[in-house]
Amino acid sequence: MIRPLLVGVHPGQHPDIVQRAAGFAHALGTSLVCVWVDVGPVADDGSGERRLTTELDRALRGTGVAWSLVVAGDGDVARQLDEAAVTHDAAIVVVGAHRSGADGWRNEALGGSVAGRLSHLQHRPVVVLPVLPPPSPDGPDGPDGPDGPDGTVD
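In this note's numbering, the protein residues as written are 1036 to 1189.
So, in structure tokens, the structure goes:
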């Protein structure tokens, strides 16, 4: 087994990021270390960690990948993820493209993207995953497919 894969997570995150990270970990035959850097204005009272554990359990159930959750101290997300990667001797670091809402805005305003800063701190590969939109009930191109209802291109 190779060194673990580390993925940045947070409560309410789209499950796609951690599920694709688990897919990488499975393909590499390794485990997943999920790291949450709590950047909220008030320290977590434990409810955020419980919520995140439940979300991760739901997202990772059935993947066959062993995983753990690490709650890092508050502060700069990129530096905290870098420290966690060093501590856990991660083979690869995976992050989502950006965080939405006030936390994402604050991170961008205070120093650029976490992925960009992390790529300059790390001496290991950093994989940046975009959040995929939820699938449409009628498929990616709507109910009539890519060519319209009669098969012709508009």
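Built from N, CA and C at the ideal position, the CB exists for glycine as well.
Notebook entry, point to check: If you count every other CB in all the chains shown that lies within 10 Å of the CB of Pro1076, and 16 or more means buried, which is it?
Noted result: Looking at its Cβ environment, which holds fewer than 16 other Cβ atoms inside 10 Å, Pro1076 is exposed.
Checklist line | Exposure label - Thr1065; buried when at least 16 CB within 10 Å | finding: Counting the other CB atoms within 10 Å of its CB gives Thr1065 a total of 16 or more, which places it among the buried residues.
Next item on the list: Measure the CB-CB distance between Ala1119 and Leu1067 and report whether it falls below 9 Å.
Entry: For the pair Ala1119 and Leu1067, the CB atoms are not nearer than the 9 Å cut-off.
Margin query: My parser needs the beta strand (DSSP E) runs of 3 or more residues fully inside the segment 1037-1119; what are they?
Written below: You should have 1040-1044, 1067-1072 and 1102-1107.
Next item on the list: Give the DSSP-derived three-state secondary structure of Leu1167 in the structure shown.
Entry: Assigned with DSSP and collapsed to three states, Leu1167 falls in coil, not helix or strand.
Next item on the list: Could you work out which residue in Leu1167, Pro1046 and Leu1156 is closest to Gly1070 when comparing CA atoms only?
Entry: First, the residue type needs correcting, since residue 1070 is Val and not Gly in the sequence shown. Minimum Cα distance to Val1070 is reached at Pro1046.
Next item on the list: Output yes or no for whether 9 Å exceeds the beta carbon distance between Ala1057 and Leu1104.
Entry: It is not a contact, given that the beta carbons lie outside the stated cut-off.
Margin query: Going by the DSSP bridge assignment, what does Val1130 pair with across the sheet?
Written below: Its beta-bridge partners are Val1163.
Notebook entry, point to check: In angstroms, rounded to a whole number, what distance separates the CA positions of Arg1055 and Ala1078?
Noted result: Approximately 29 Å, taken between the alpha carbons.
Notebook entry, point to check: How about Val1112 and Val1072: do their beta carbons lie closer than 9 Å?
Noted result: Yes, the Cβ-Cβ distance between Val1112 and Val1072 is below 9 Å.
Check: If we ignore side chains and look at the alpha-carbon of each, how far apart do Asp1109 and Val1074 end up?
Finding: Taking the straight line from one Cα to the other gives about 5 Å.
Item checked: Own chain partners of Val1129 with C-beta closer than 6 Å, once the 5 adjacent residues on each side are dropped -> Excluding positions up to five away in sequence, the list reads Val1042, Ala1056 and Val1162.
Check: Taking buried to mean at least 16 other C-beta atoms within 10 Å of its own C-beta, is Ala1132 buried or exposed?
Finding: Answer is exposed; the Cβ neighbour count stays below 16.
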